[in-house]
Every structure is written in structure tokens, then in C-alpha cells.
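Novice: Heads up, the sequence shown is in my numbering, so the first residue is 3 and it goes up one at a time. Next up is a structure, given as C-alpha cells.
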Amino acid sequence: MFQAVDISYWAGMWHAPPETLFGLGRVERSLGIALQKLLPQTVRYTSFNFGIECSAMFAREGIDLSLSLEKQPSNSEILILNQLKIGDSYGGYKQDTFSKIKLNLWRRYNCHRARNSWIKNPNRDKISLIQFDYNIRAEQFIPNKLKFALVHDIIPITHPQFSTPSNTESASLRLRLLSKEGAHFICVSKYTADELMNFLKLDKERVHWFQNGLDNAFKPNPNLGDASKWRKKLAIQSDQRYFIAQAGDLKRKNLISIMRAMKIFRKLCNEDIILVIVGQIRNLPSEFDLNLGESEWRSYVRFTGTVQDSDFSALYSSAISLIFLSLAEGFGFPPLEAMACGLPVIASNLTSVPEVVGDSGILVDPTDCDEITNAMLKVALNEPFRISLRNSALSRCQSFTWEKAAQRTVDAWRKSGLDISAGF
């Protein structure tokens with residue numbers, strides 16, 4: 003009997019435009035594409051989106067993706083289970099578009115009715131293994147199959163101070179249920195795999211891991227014109243140097259430690275070096291005022307707002323270093339992406355971050371302001387050292403590919419007993 007592997011995703015996450023994807027959305031899309039390239043006759047997709055209203059953008063992108071998948075093997079199809087009302091047209095597409103592609107679209111089905119419809123689908127019996135984000139209850143649609151739960155992190159459990167009690171309880175119950183049902187787990191770092199084994203008291207045969215890959219957008223950018231556009235936008239002088247940090251959760255990303263170290267650094271360094279914070283700032287300025295007790299920082303900090311992947315290399319090209327002092331990560335994309343652009347990295351020595359950075363960056367205690375400041379001074383004032391870090395970073399990041407991630411995933415499937423040798 004033909005064996006198929008089902009890769010299940012949140013519809014909105016996987017169908018979104020690549021440039022809008024961050025974190026786990028990027029992982030699931032990139033890994034899925036790499037897996038189908040590796041096993042084109044074996045891997046198929048089921049994309050779940052139910053229980054919430056789906057925006058027009060996600061619906062439109064879902065159709066775009068489905069149209070592109072028409073060229074894929076017939077065992078590739080997308081199942082969207084959602085609450086969309088489809089009229090004569092939606093998202094710029096006419097109703098008859100749906101009948102021309104391998105897209106099963108249910109209207110106004112609740113989970114129970116959608117499950118019953120999927121059970122009648124003949125492709126269901128071809129599936130031997132289903133892999134899904136552990137938050138997606140996909141096994142109810144394809145029961146009694148070998149299950150692989152993809153785990154990006156278990157931060158709500160290992161670091162509940164950065165989560166809510168309800169999220170911590172939900173993650174704990176979900177993981178324990180999957181463990182009881184005999185599921186295998188595949189994680190995006192060895193750290194996450196070790197923490198999961200410790201939490202669930204599982205043996206290593208049921209917990210697997212790979213390292214995320216890099217997207218092509220992250221590479222050195224020698225075009226100074228691209229960098230000058232950002233300098234003009236952010237009011238940075240042409241010869242002025244800057245550090246980069248990424249916006250995010252104030253507590254978990256530990257931005258206050260970066261700000262405190264930056265304040266000390268500027269007192270010790272004669273050069274007018276500033277800090278550029280990349281990403282959505284939300285209420286960061288007011289939180290900085292509150293936590294730092296002053297507003298002097300506003301004179302030497304710039305906020306970019308949302309930045310597309312294609313612009314990161316330009317911002318990184320003339321920066322001194324990325325400062326990434328997160329207190330908890332499941333993997334750690336920001337330092338990896340910076341390294342791929344040739345940017346030296348000062349990074350936290352906690353959780354999964356050392357797996358990413360290795361000895362190609364400066365690892366520091368993210369709570370030790372003096373250690374952070376000394377690292378900033380060293381990388382800013384020692385050009386030969388900075389160049390050596392750049393070269394080492396560029397070399398190290400070459401080992402992070404989606405092809406390797408896909409191969410390790412397939413190896414894990416095989417170790418679980420699935421015979422997919424015919425797929426190669």
C-alpha cells in the first residue's frame with residue numbers, strides 16, 4: 003500500500019506571504035517545502051483553520067498556494083476547515099476558482115462536522131504518519147496514525163513568568179495528552195528536546211530534534227545605497243555607527259538590560275554610537291521611560307518599525323553588532339540571521355541560543371550588565387576581532403539549512419518504524 007505522510011499546519015500561518023512570516027510560521031512553511039522536495043511522492047499537506055474567522059488576506063493566499071500546488075503530485079492537497087462565508091467572489095477570486103483546484107473548502111462547518119467529512123475522504127486511508135504543530139489538534143481528523151508533534155518551544159512550561167497561567171496549563175495538558183497517546187515529538191533545538199524529555203519523562207527514542215534553516219534573504223549586502231536609505235529614514239549620520247537589537251516582549255527579550263548596558267557603554271566610549279531597535283515597538287518607549295526612570299535614552303535610540311526580510315541585510319551591513327539578550331528561546335532566529343548577513347553577535351548564554359551562536363559570537367550572561375558592556379566595547383573598538391567574528395559567523399551559518407532539517411525529520415520518521423524508502 004502507498005504510504006503518505008501528512009504535514010498539518012495552521013492555514014493562516016502557512017499560507018501567508020513569506021515576507022510576513024516570523025518564527026514558527028516560517029519554520030513550518032520552509033520545512034514543509036523542503037520535506038516535499040525530499041520526498042515528492044510521499045508528503046502531502048493538510049492545512050487546518052477552524053474555530054476562528056480567517057481574514058481575506060489569508061484566504062487569498064491560501065488560494066494562491068493551492069494554485070501553485072496544482073503542479074505538485076496528486077497526493078498533495080490542502081484541507082481548509084474554517085468558518086468562512088464564500089460568496090460569488092472572495093479575495094479577488096471568483097467562486098469557480100475553487101472547483102478548478104485540489105482544495106476542499108467547507109463552509110460553516112464546526113469541528114465535528116468537518117471531522118466527519120474528512121473521515122469519508124479516500125486519501126485518509128493512505129496516510130501512515132501525521133506531523134503537526136503540537137497546538138493543532140489534527141489527530142482528531144486522522145486518528146489512529148503514527149503521530150509526530152512539532153514543538154518550537156515549551157517556554158510556557160520552563161519559564162512560566164513569561165507566559166500566562168492559562169497558556170502554561172494548556173501547553174502542559176496538551177503535551178501530556180500527546181505523550182499518553184504515544185506520539186513522537188520533534189523539536190527545533192537540542193535544548194528544547196532535552197527540556198521536553200525532562201518534563202514528560204520520556205526516553206530519547208520518542209523525542210527528536212533538528213535545527214532550523216536559513217532563508218535566502220539573509221546574506222551580506224555590499225550595496226551601501228540600501229543602507230543609506232535606512233540611515234536617512236532613521237536620521238543616522240553617514241559615518242555614525244550603531245548597534246542593533248530586535249524589538250519583542252520586554253521581559254523575555256530582556257530589552258531593559260540592553261538599554262542599561264548601552265547607557266554605560268556611551269559613558270565609556272568617546273564615539274557617538276547609537277542603538278537601532280528593529281521591529282514593532284508597540285508600547286516600548288513608554289516602558290523604557292518607566293523601567294529606566296529617565297528619558298535621556300531617546301537621544302541615542304532609533305526605532306525602525308516593521309522590517310521586511312529583504313531589508314535586514316541593508317540594516318545589518320553597517321552595524322557594529324547585534325545584541326540579543328533573550329532569557330528564553332526555543333531556537334533563536336535573530337542571531338542566526340544576523341550571522342548570515344556577516345554581523346557579529348553578542349548573545350545570551352541561556353537556553354537554546356548557544357546552540358545557534360556557538361563560538362562564532364560573544365556569549366554573555368544576559369543579566370550581567372558589566373559583562374554585556376565589556377563585550378560591546380570589545381566588538382566596537384577592536385576591528386580585527388570584529389572581522390574575525392564576521393568570518394566565523396558566515397562560516398558557521400552555512401550549516402543551518404532547511405534541507406538538513408528535512409533530512410533529520412525524515413530520519414526521525416524512519417526511526418519510529420515508518421518505511422518510506424520508496425519515496426527516494
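Virtual Cβ for every residue (Gly too), placed ideally from N, Cα, C. Please read all numbers here as calculations on a predicted model, not as lab measurements.
Confirm, please, whether the CB-CB distance from Cys343 to Lys221 is below 8 angstroms.
Specialist: Yes, Cβ-Cβ distance for Lys221 and Cys343 is below 8 angstroms.
Novice: For the 8 angstroms Cβ check, are there 3 or more pairs between the region 233-242 and the region 376-385?
Specialist: Verdict: no, contact absent.
Novice: Check whether the Cβ atoms of Ala330 and Thr160 sit closer than 8 angstroms, and answer yes or no.
Specialist: Closer than 8 angstroms, so yes.
Novice: Is it true that the region 259-267 meets the region 283-302, where meeting means three or more beta-carbon pairs spaced less than 8 angstroms apart?
Specialist: At 8 angstroms Cβ cutoff, the stretches touch.
Novice: So, are the CB atoms of Gly281 and Val309 less than 8 angstroms apart?
Specialist: Yes, the pair counts as a contact, with Cβ atoms nearer than the cut-off.
Novice: In terms of DSSP beta bridges, what is Trp211 paired with?
Specialist: Beta-bridge pairing links Trp211 to Cys189.
Novice: Using DSSP bridges, identify the partner residues of Phe326.
Specialist: Beta-bridge pairing links Phe326 to Ala349.
Novice: Kindly list the residues whose CB is nearer than 7 angstroms to the CB of Asp66, restricted to its own chain and excluding five residues on each side of it in sequence; keep chain order.
Specialist: Only weak support is given to the placement of Asp66: the predicted model assigns it a pLDDT of 39, under 50, and the value that follows is read from those uncertain coordinates. Correct list: empty, nothing qualifies.
Novice: With a threshold of 16 other CB atoms inside 10 Å of the CB of Ile389, please say whether the residue is buried or exposed.
Specialist: Exposed.
Novice: So, helix, strand or coil for Gly344, using DSSP?
Specialist: Reduced to three states, the DSSP call for Gly344 is coil.
Novice: Please list, in chain order, all residues of the same chain as Val366 whose beta carbon is under 8 angstroms from its beta carbon, the five residues on each side excluded.
Specialist: Cβ within range, chain order: Leu327, Ile348, Ala349, Ser350, Asn351, Glu373, Ile374 and Ala377.
Novice: Based on Cα-Cα distance, which residue from Phe245, Thr194, Val359 and Ser319 lies nearest to Leu383?
Specialist: The option with the nearest alpha carbon to Leu383 is Phe245.
Novice: Smallest Cα separation from Val209: which of Val190, Asn218 and Asn223?
Specialist: Closest by alpha carbon: Val190.
Novice: Return the CA-CA distance between Ile325 and Ala247, expressed in angstroms with no decimal places.
Specialist: Approximately 5 angstroms, taken between the alpha carbons.
Novice: How long is the line joining the alpha carbons of Asp274 and Val381, rounded to whole angstroms?
Specialist: Using only the alpha carbons, I get a separation of about 15 angstroms.
Novice: Say whether the region 188-202 touches the region 211-218, bearing in mind that this needs 3 or more beta-carbon pairs closer than 8 angstroms, one atom from each stretch.
Specialist: The region 188-202 vs the region 211-218: in contact.
Novice: Assign Lys231 to one of two classes, buried (16 or more other C-beta atoms within 10 Å of its C-beta) or exposed (fewer than that).
Specialist: With fewer than 16 other Cβ atoms within 10 Å, it is exposed.
Novice: How is Ile88 classed by DSSP in three states: helix, strand or coil?
Specialist: With a pLDDT of only 33 at Ile88, under the threshold of 50, the placement of this residue in the model should not be trusted; the figure read from the coordinates follows. Reduced to three states, the DSSP call for Ile88 is coil.
Novice: Return the CA-CA distance between Arg254 and Leu152, expressed in angstroms with no decimal places.
Specialist: Whole-angstrom Cα-Cα distance: 22 angstroms.
Novice: Does Leu204 come out as helix, strand or coil in the three-state DSSP assignment?
Specialist: If DSSP states are grouped into helix, strand and coil, Leu204 belongs with coil.
Novice: Report whether the distance from the Cβ of Thr403 to the nearest heavy atom of the ligand ATP is below 7 angstroms.
Specialist: Inclusion of the ligand ATP in the displayed structure is not the case, the ligand content being empty and no account of it being possible.
Novice: Hey, quick one: how far does the beta strand (DSSP E) through Ser476 stretch, first residue to last?
Specialist: Only positions 3 to 426 of the chain appear in the structure, and residue 476 is not among them; the question remains open.
Novice: Can you tell me whether DSSP reads Arg176 as helix, strand or coil?
Specialist: The answer is helix: DSSP assigns Arg176 an H, G or I state.
Novice: Taking C-beta to C-beta, are Leu286 and Ala340 nearer than 8 angstroms?
Specialist: Cβ atoms of Leu286 and Ala340: not closer than 8 angstroms.
Novice: Between which two residues does the alpha helix (DSSP H) holding Val358 run?
Specialist: Segment Val355 to Val359, the alpha helix (DSSP H) holding Val358.
Novice: Quick one: Cα of Gly307 to Cα of Thr369, how far?
Specialist: So the two alpha carbons sit approximately 26 angstroms from each other.
Novice: To the nearest angstrom, how far is the alpha carbon of Ile138 from that of Phe187?
Specialist: Computed Cα separation, rounded: 13 angstroms.
Novice: So, for Arg110: in the same chain, excluding its five sequence neighbours on each side, which residues have a beta-carbon less than 6 angstroms away from its beta-carbon?
Specialist: Note on Arg110: pLDDT 29, under 50, position unreliable in the model; the coordinate value appears next. So the list is empty, once near-sequence residues are dropped.
Novice: To the nearest angstrom, report how far apart Leu435 and Phe387 are at their CA atoms.
Specialist: Residue 435 lies beyond the stretch modelled for the chain, which goes from 3 to 426, so this question has no answer here.
Novice: What's the call for Glu30, buried or exposed, on a 16-neighbour Cβ count within 10 Å?
Specialist: Burial call: buried.
Novice: Considering only C-alpha positions, which residue in the set Ala414, Arg243, Ala229 and Leu338 is nearest to Asn272?
Specialist: Out of Ala414, Arg243, Ala229 and Leu338, Arg243 has the C-alpha closest to the C-alpha of Asn272.
Novice: Exposed or buried, Asn51, counting other C-beta atoms within 10 Å across all chains shown (16 or more means buried)?
Specialist: With a pLDDT of 41 at Asn51, under the threshold of 50, the modelled position of that residue is not reliable, and the figure given next carries that caveat. Answer is buried; the Cβ neighbour count reaches 16.
Novice: Classify Ser297 as helix, strand or coil using the three-state DSSP reduction.
Specialist: Residue state, collapsed to three classes: coil.
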